[in-house]
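Let me begin by presenting the structure, written as structure tokens, before commenting on it.
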Amino acid sequence: MKTAISFLALIALIAVAAPSVFAAGESRLPAPTDGAGPCTRFTAGSVASNPTDLFSKKGVLTVSLSYNTETDANGRTLYCFTTPDGTESPTLHVHPGDHLVVNVTNNLPATVDASALRMTTSASDVCGASSMGPDSVNIHFHGTNTSPVCHQDDVIHTLINSGDTFRYDLKFPKDEPSGLYWYHPHVHGIANAAVLGGASGAIVVEGLEKVQPAVAGLAQRIFVIRDQLVAGEPPPGGPNNVPSWDVTLNYVPIPYPAYTPAIVKIKPGEKQLWRVVNACADTQLDLQLQYDGHPQTLEVVGLDGVPTGSQDGTRKGKILKQTDIFIPNAGRAEFIVTGPSKSVKNATFLTLNIDTGPDGDVDPQRPLATLEKPGSPDATAQLVVPAVSGAPGPQRFEGLADAKPTTQRTLYFSEQVLDQRDPTFWLNTEFFITVDGATPQIFNPDNPPAITTTQGSVEDWTIENRTLEVHEFHMHQIHFMLLAINGVPVPKQQRQMLDMVQVPYGTGAAPYPSVTVRMDFRGPDVGDFVYHCHILAHEDGGMMAIIRVLPRDAGWFGPYGKFRTLFASIGGQYAERTAAWCVNGRAAERNRDYGLEGAAATPTLLVRGLMFLALTGVLLAIVVS
49 MKTAISFLAL
59 IALIAVAAPS
69 VFAAGESRLP
79 APTDGAGPCT
89 RFTAGSVASN
99 PTDLFSKKGV
109 LTVSLSYNTE
119 TDANGRTLYC
129 FTTPDGTESP
139 TLHVHPGDHL
149 VVNVTNNLPA
159 TVDASALRMT
169 TSASDVCGAS
179 SMGPDSVNIH
189 FHGTNTSPVC
199 HQDDVIHTLI
209 NSGDTFRYDL
219 KFPKDEPSGL
229 YWYHPHVHGI
239 ANAAVLGGAS
249 GAIVVEGLEK
259 VQPAVAGLAQ
269 RIFVIRDQLV
279 AGEPPPGGPN
289 NVPSWDVTLN
299 YVPIPYPAYT
309 PAIVKIKPGE
319 KQLWRVVNAC
329 ADTQLDLQLQ
339 YDGHPQTLEV
349 VGLDGVPTGS
359 QDGTRKGKIL
369 KQTDIFIPNA
379 GRAEFIVTGP
389 SKSVKNATFL
399 TLNIDTGPDG
409 DVDPQRPLAT
419 LEKPGSPDAT
429 AQLVVPAVSG
439 APGPQRFEGL
449 ADAKPTTQRT
459 LYFSEQVLDQ
469 RDPTFWLNTE
479 FFITVDGATP
489 QIFNPDNPPA
499 ITTTQGSVED
509 WTIENRTLEV
519 HEFHMHQIHF
529 MLLAINGVPV
539 PKQQRQMLDM
549 VQVPYGTGAA
559 PYPSVTVRMD
569 FRGPDVGDFV
579 YHCHILAHED
589 GGMMAIIRVL
599 PRDAGWFGPY
609 GKFRTLFASI
619 GGQYAERTAA
629 WCVNGRAAER
639 NRDYGLEGAA
649 ATPTLLVRGL
659 MFLALTGVLL
669 AIVVS
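Note that the sequence shown covers residues 49 to 673 in our numbering.
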């Protein structure tokens with residue numbers, strides 16, 4: 049969106065406090081600008097050091113995280129996850145097959161006016177708290193192929209409110225790809241504010257060196273790139289090309305207009321593995337490394353947590369050589385860099401300008417870091433990739449390229465401006481992701497699934513963009529293979545396993561820009577989860593929907609039985625639990641009908657009762673026969 053209107057209208061509803069019970073980060077980190085508060089931020093031009101690393105032992109990593117908030121000197125609301133010793137946003141290292149246990153305590157101030165700012169969830173779907181407010185939080189373990197059930201990666205119904213503690217216990221599959229993932233809040237309606245405030249961190253599933261031996265023994269850098277409001281909130285664009293959002297590198301700000309870069313230490317000619325998370329709520333990245341103005345070759349070894357080229361049955365990764373790497377927000381890239389020679393005078397890590405469309409954000413070119421050689425002696429802490437210790441095991445997505453699709457679907461992104469007096473104001477826009485032929489609906493946790501499929505299926509989805517700005521498609525719980533862009537098959541080396549892909553913008557008229565992807569439902573994950581645009585302002589505005597994956601033999605009864613699935617398709621009158629903040633900061637329409645497609649009016653209780661009895665009779669007849 050052109051105007052980067054902040055979520056301050058939303059955040060102002062929260063009584064922000066700045067508790068000071070946590071210490072600043074470890075001593076090896078640069079001096080913070082707000083050491084008294086829980087959410088550590090550094091001064092521009094600081095060294096971007098790796099976040100603190102926590103490693104699993106004997107198959108388990110247990111970590112306690114406190115969810116905090118404070119306000120910085122520019123009036124921006126910050127959010128963060130900290131450990132009991134005050135370490136912020138640690139990187140969580142696990143192995144395939146491990147358990148990740150996360151005990152989350154919500155230390156946000158409680159909502160002042162519970163009657164006005166809370167909504168009650170369906171009792172049958174409660175996971176954690178039974179009501180939702182601006183103090184709520186949960187965690188999405190982005191990209192992981194973990195279960196969508198309660199206490200694992202359920203983001204639809206999990207709520208942790210002020211003062212509550214909730215225990216996650218994720219079981220990583222034994223064939224989980226080795227690579228880079230991340231964690232962040234995912235409460236619908238306030239996800240953008242939380243991620244924009246900085247509440248996020250990296251997850252590394254170890255073992256990349258087994259699939260890609262080229263990384264063995266290399267020093268590795270974990271870079272988490274986040275965005276935040278531009279101080280003073282100047283209008284984006286204009287003659288000064290003001291960005292919609294500022295960005296930070298491991299909490300070192302690169303603020304407009306000076307764009308003072310962070311500092312990264314690397315020895316001349318040294319090879320390092322850089323693992324980069326685009327943890328921005330709304331900002332796209334196109335990464336490049338320039339030495340004296342010349343783009344350098346980056347050796348890509350992983351995208352979105354999957355070693356590149358590793359799923360073709362050979363169980364060997366393939367290196368992709370590129371001079372720039374586009375990473376949509378929420379995407380990840382892992383690549384080998386070579387430090388500048390002693391003759392290089394200016395070594396810069398930067399993001400290039402990105403055209404997001406006439407209605408899109410302003411994402412200009414700007415530096416992220418300057419590369420410098422370490423001092424003598426080198427005091428920089430090194431996280432080193434282990435030596436190869438064994439052969440790679442089975443790869444989770446093997447055989448997908450040759451699998452025969454069981455279903456083909458078309459979905460599309462669309463938007464609707466509610467108030468033409470100010471069409472660029474995000475509060476005046478509704479956002480949708482819709483199965484072609486269905487009626488566009490704003491996301492609500494009580495919506496029935498927009499798509500139902502069965503475990504073991506392989507589906508080809510074409511996702512169209514019918515708007516004037518880019519959208520970033522994300523699927524929870526599984527990955528997909530990129531097949532085509534605008535109907536044109538992509539080269540073999542681009543047929544990578546991803547959980548994020550950008551859908552280009554168009555003119556708003558057919559033919560619409562599109563991507564075609566192959567969805568892999570052959571894994572163990574069943575249940576309800578979501579897919580959405582990962583520009584979180586769009587997701588909060590309604591651009592999300594539910595998919596239900598049924599077990600291979602669901603039967604007639606049970607939580608995913610045929611009876612429940614067929615009855616859910618009838619829908620009914622869901623009174624939305626509205627509040628001034630719950631849908632993109634806007635009071636949602638009450639008593640919206642989420643029933644059968646094309647229904648002209650909300651069915652009455654009598655009509656719905658008759659429909660229920662009719663369906664029951666049909667099902668009984670089928671069972672008896």
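Yeah, the Cβ is synthetic: ideal placement off N, Cα and C, and Gly gets one too.
- Take Leu398, set aside five residues on each side of it, and the residues of its chain with a beta-carbon closer than 7 Å to its own are Gln336, Gln338, Gln413, Arg414, Pro415 and Leu416, in chain order.
- Secondary structure at Gln544: coil, using DSSP grouped into helix, strand and coil.
- Runs of the beta strand (DSSP E) spanning 3 or more residues and lying entirely within the segment 449–523 occur at 455–465, 477–483, 499–502, 506–513 and 519–523, in chain order.
- The Cβ neighbour count for Val108, taken over all protein chains shown within 10 Å, is under 16; the residue is labelled exposed.
- Residue pairing by DSSP puts Pro415 in a beta bridge opposite Leu398.
- Per DSSP, His586 lies in no beta strand (DSSP E) segment; the continuous alpha helix (DSSP H) that holds it begins and ends at Leu584 to Asp588.
- A straight line joining the alpha-carbon of His190 with that of Val324 spans about 14 Å.
- Note that the C-beta distance between Pro225 and Gln443 is below 8 Å.
- If you compare the alpha carbons of Glu257, Gln541, Phe479 and Thr206 with that of Pro233, the shortest gap goes to Thr206.
- Taking a cut-off of 8 Å for Cβ pairs, the segment 211–221 and the segment 553–562 do not touch, as fewer than three such pairs fall below it.
- Going by DSSP, Leu148 is part of no alpha helix (DSSP H) but of the beta strand (DSSP E) stretching over His147 to Asn154.
- Shortest Cα-Cα distance from Gly286 to any of Lys105, Val410, Ser97 and Thr119 involves Val410.
- For the pair of segments examined, the segment 431–447 was found not to touch the segment 480–499: the number of CB pairs separated by less than 8 Å stays below three.
- Among the bridge pairs identified by DSSP, Met529 is matched with Met545 and Arg566.
- Here Leu448 is not near Val385, since their CB atoms are 8 Å or more apart.
- The DSSP-derived three-state label of Pro132 is coil.
- Counting along the chain, Ala250 sits inside the beta strand (DSSP E) bounded by residues Gly249 to Val253.
- Here Ala310 carries a strand assignment [DSSP, helix/strand/coil].
- In this chain, Glu382 is not harboured by any alpha helix (DSSP H); it is covered by the beta strand (DSSP E) spanning Arg380 to Thr386.
- Comparing alpha-carbon positions, the option among Val349, Met591, Asp547 and Ile273 lying closest to Gln260 turns out to be Val349.
- One thing to note: Gln268 has its Cβ within 8 Å of the Cβ of Leu431.
- For Val563, same chain residues with a beta-carbon under 6 Å away, outside a window of 5 residues either side, are Ile511, Ile533, Val549 and Val551 in chain order.
- By the neighbour-count definition (other C-beta atoms within 10 Å, threshold 16), Gln200 is a buried residue.
- Only residues of its own chain outside the window of five on either side were considered, and among them Ala66, Gly85, Cys87 and Leu126 have a CB closer than 6 Å to the CB of Glu118, listed in chain order.
- When only Cα atoms are considered, His522 and Ser391 end up about 43 Å apart.
- In terms of Cα proximity to Asp508, the closest of Phe479, Arg566 and Lys452 is Arg566.
- Counting C-beta pairs with one atom in each stretch, the segment 244–257 and the segment 303–320 have fewer than three that are closer than 8 Å, which means they do not touch.
- In the three-state DSSP reduction, Val203 falls in the coil class, being neither helix nor strand.
- The C-alpha of Lys222 lies about 19 Å from the C-alpha of Tyr216.
- For Glu257, the enclosing alpha helix (DSSP H) stretches over residues Leu256 to Val259.
- A direct Cα-Cα distance of roughly 4 Å separates Met592 from His580.
- Within a 10 Å sphere around the beta-carbon of Pro132 sit fewer than 16 other beta-carbons, which makes this residue exposed.
- In this structure, Pro301 places its C-beta atom within 8 Å of the C-beta atom of Arg89.
- Non-local C-beta neighbours of Ser112 in its own chain, meaning closer than 6 Å and more than five positions away in sequence, comprise Pro132 and Asn151, ordered along the chain.
- Rounded to whole angstroms, Val518 and Cys328 show a C-alpha spacing of 15 Å.
- Counted as a single uninterrupted DSSP element, the stretch harbouring Ala593 is not any alpha helix (DSSP H) but the beta strand (DSSP E) occupying residues Met592 to Leu598.
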